[in-house]
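Colleague:
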Amino acid sequence: MAERTFLGFPRRSGPAGTRNHLLVLAINGLIAATAERVAGALPFAKLVATPYGRGQFGPDKECHFRQLVGLGASPNNGGVLILGVDRKSADDLATAIAARTTVPVEIVTLDDTHEDALELAARAIRLGASLSRKISSDRRMPVPLSDLYIGLECGHSDASSGLASNPLAGALADRLVDAGGAAVIGETIEWLGAEHALRTRGADPETGEAVVRAVARREASVSAAGVDLLGNNPGQENIRGGLSTIEEKSLGAIAKAGTHPITALLPFAEPPKRPGLHLMDGPSFSPESMTGFVASGTQMILFTTGPGNSYCSLLAPTVKISANPGAIAQIRNQVDFDASAIFEGRETLDAVADRLLQEMIDYASGTLTWGEVVGEGGECFTRIGASL
Amino acid sequence: MFHAHRSLALTGSKHNAGWDAVQISPGDDVAVALRDLTGTARIRRGEEVFELQLREPISLGHKIALADLAAGAEIHKYGAPIGRLTQAAAKGAHIHVHNLVSQRAQKRSGKG
């Protein structure tokens, strides 16, 4: 069979992009508002502005830096404009980004403008405008499907998720891995109750055990806080949809992992070293989870929902799937792919998965998702420790 | 085997007119309603479809007891345990947060 391709933006090093953003990356909360003015003056820019940037230490600081580097190095960026306060931290970040991507990276900091934020904005807009014009001449070309690395997320699940949408996402992941690509599922706490199924899925015994340990760490941290997970997960919308316990939700959620062996358990926001199916040890709130995926290099996200969930990644096109017939009728401008045929038994999982793969190739090649059309999109930084 | 349910519930026939709830894995204690149900449900189990008198209305996506289940019984869905019954549930009853609790991530008794 001929190698399957999509129309992507090839990069001189690393996998191709499914989009060609100018990313305005503001790396210190002091200039978040200034960064909004800059991005507002550049209609083709995407803005990611962290509210943090000082007073972090240890693993929390490393985790924040890893997220900034990963978002900057996303294959979906055609150029990056870093806005900072002090020159050194901006330079350090640019160096780390340049180690993972060859796209142009420009920097402006308050150090360069004698603390004048208006001057910073003026310089940044000029630099950004030049970058924006330059990258507009980049062209899509056929690139192998094996370049694609997708994140598999679920949000606002109901019983149709576990029965149809999540197995469909898993079947899509299987197809992508068969084509030489990569996929990742996260949300560690939603493996709780499904460890027995995941333990045996590791490519080697250590990977399976690492997955089980990651779940145990999260479970212990929840009970150590004296918190009853039952009041929090499943959430109210899950319960309305018929999910009663975290075990039930997890068993449905891990169907997103398909059937291939788990190549590796990734730390949060860490890129995979090899193709194949991956698990990421991370938080379960979709905005945080998906930012971890994007920072690890996913160029697309496949997002399953029951009743609907409008949230999308800013940098990675987010394809929404629902199998709930009532929801699909209700939110026509949110659901990109209708999987109700599986839920209602009208079509086989394999037939629908083949159709979905073709549509994913279209989205990877530039077709806009509903989220992109209506301007959804965010990136949300995870904190794993308190500030000084 | 976890993925057994794929071959049962999900590789369906041309039309689903014949059933309105499904037992996902063999041996599951519950079936899942595929639409809002009252009265008699037609449950698909593997390749067979059987009728079950419901004790109460069951909403789309919610679970139906397939047998008389005792208080304390471990309940299975996807071929795996999903919790324990806090009270007995009759065949055809609604199984949900009012009678089913997680066996995981329980609050520590007392503060340490």
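Heads up: the sequence lines are chains A and B, in that order. Following my numbering, the numbering of the first sequence begins with 1 at its first residue and continues without gaps. Following my numbering, the numbering of the second sequence begins with 1001 at its first residue and continues without gaps. In this text, a Cβ means the ideal position worked out from N, Cα and C, and glycines have one as well.
Could you run through the stretch 150–167 of chain A and flag, in chain order, every residue whose CB is less than 8 Å away from some CB of chain B?
Modeller: Here the close residues are D158, A159, S160, G162, L163, A164 and P167.
Colleague: With a cut-off of 8 Å, does the C-beta of B:A1070 fall near any C-beta of chain A?
Modeller: no
Colleague: Any idea which residues DSSP pairs A:Y149 with across the strands?
Modeller: A:A182
Colleague: Checking contacts by CB at 8 Å: is A:P285 closer than that to chain B?
Modeller: According to the sequence displayed, residue 285 of chain A carries Phe and not Pro. With 8 Å as the cut-off, A:F285 does not count as an interface residue toward chain B.
Colleague: Nearest chain B C-beta to A:G371 closer than 8 Å, yes or no?
Modeller: For A:G371, no Cβ of chain B is located within less than 8 Å of the residue's own Cβ.
Colleague: Under a Cβ-count criterion, where at least 16 other Cβ atoms within 10 Å of its own Cβ denotes burial, should A:K46 be classed as buried or exposed?
Modeller: buried
Colleague: From which residue to which residue does the alpha helix (DSSP H) around A:N238 run?
Modeller: Q236 to R240
Colleague: Relative to the ligand GTP, is the shortest distance from any of its heavy atoms to the C-beta of A:V85 smaller than 7 Å?
Modeller: What this structure holds is no ligand at all, so the ligand GTP is not there to describe.
Colleague: Could you pull out every residue in the same chain whose Cβ sits closer than 7 Å to the Cβ of A:L131, ignoring the five residues on either side in sequence?
Modeller: L22, G79, L81, P104 and E106
Colleague: Along the stretch 170–194 of chain A, what residues have a CB closer than 9 Å to any CB found in chain B?
Modeller: G170, A171, I189, L192, G193 and A194
Colleague: Tell me whether A:F196 is buried or exposed, calling it buried when 16 or more other Cβ atoms sit within 10 Å of its Cβ.
Modeller: One detail in the question is off: residue 196 of chain A reads as His in this sequence, not Phe. So A:H196 ends up on the exposed side.
Colleague: May I ask you to report which of helix, strand or coil DSSP gives A:I82?
Modeller: strand
Colleague: Are the beta-carbon atoms belonging to A:L71 and A:V319 less than 8 Å from one another?
Modeller: It is not a contact, given that the beta carbons lie outside the stated cut-off.
Colleague: Decide yes or no for the touch test of the stretch 1018–1032 of chain B against the stretch 1066–1077 of chain B: beta carbon pairs closer than 8 Å, at least 3 of them.
Modeller: yes
Colleague: Leaving out five residues before and five after A:S13 in sequence, what residues of the same chain have Cβ atoms less than 6 Å from its Cβ?
Modeller: T102
Colleague: What does B:A1065 touch in chain A if you count any residue whose Cβ is under 7 Å from its own?
Modeller: Listed along chain A is no residue with a C-beta nearer than 7 Å to that of B:A1065; the closest approach is about 12 Å.
Colleague: Could you compute how far the alpha carbon of B:G1092 sits from the alpha carbon of B:L1054?
Modeller: Take the alpha-carbon of B:G1092 and the one of B:L1054: they are about 4 Å apart.
Colleague: Going straight from the alpha carbon of A:E288 to that of A:T263, what length do you get?
Modeller: Taking the straight line joining both Cα atoms gives about 23 Å.
Colleague: Residue ranges of each alpha helix (DSSP H) run of no fewer than 4 residues wholly in the stretch 282–363 of chain A, ordered along the chain?
Modeller: 286–295, 325–330 and 340–343
Colleague: Provide the residue(s) that pair with B:Q1023 in DSSP beta bridges, ordered along the chain.
Modeller: B:Q1023 is bridged to B:R1045.
Colleague: What are the residues that DSSP puts in a beta bridge with A:C390?
Modeller: Outside the displayed span of chain A (1 to 388) sits residue 390 of chain A, for which this structure offers no information.
Colleague: Does the beta carbon of A:S340 sit closer than 8 Å to a beta carbon anywhere in chain B?
Modeller: no
Colleague: Whole angstroms is fine: what's the gap from A:L93's alpha carbon to A:R87's?
Modeller: 10 Å
Colleague: Short of 8 Å in beta carbon distance, which residues of its chain neighbour A:V184, apart from the five on each side in sequence? Order them along the chain.
Modeller: Y149, I150, G151, L152, L266, P272, L277, H278, L279, M280, F293, S296 and T298
Colleague: Are the Cβ atoms of A:T50 and A:A121 separated by less than 8 Å?
Modeller: No.
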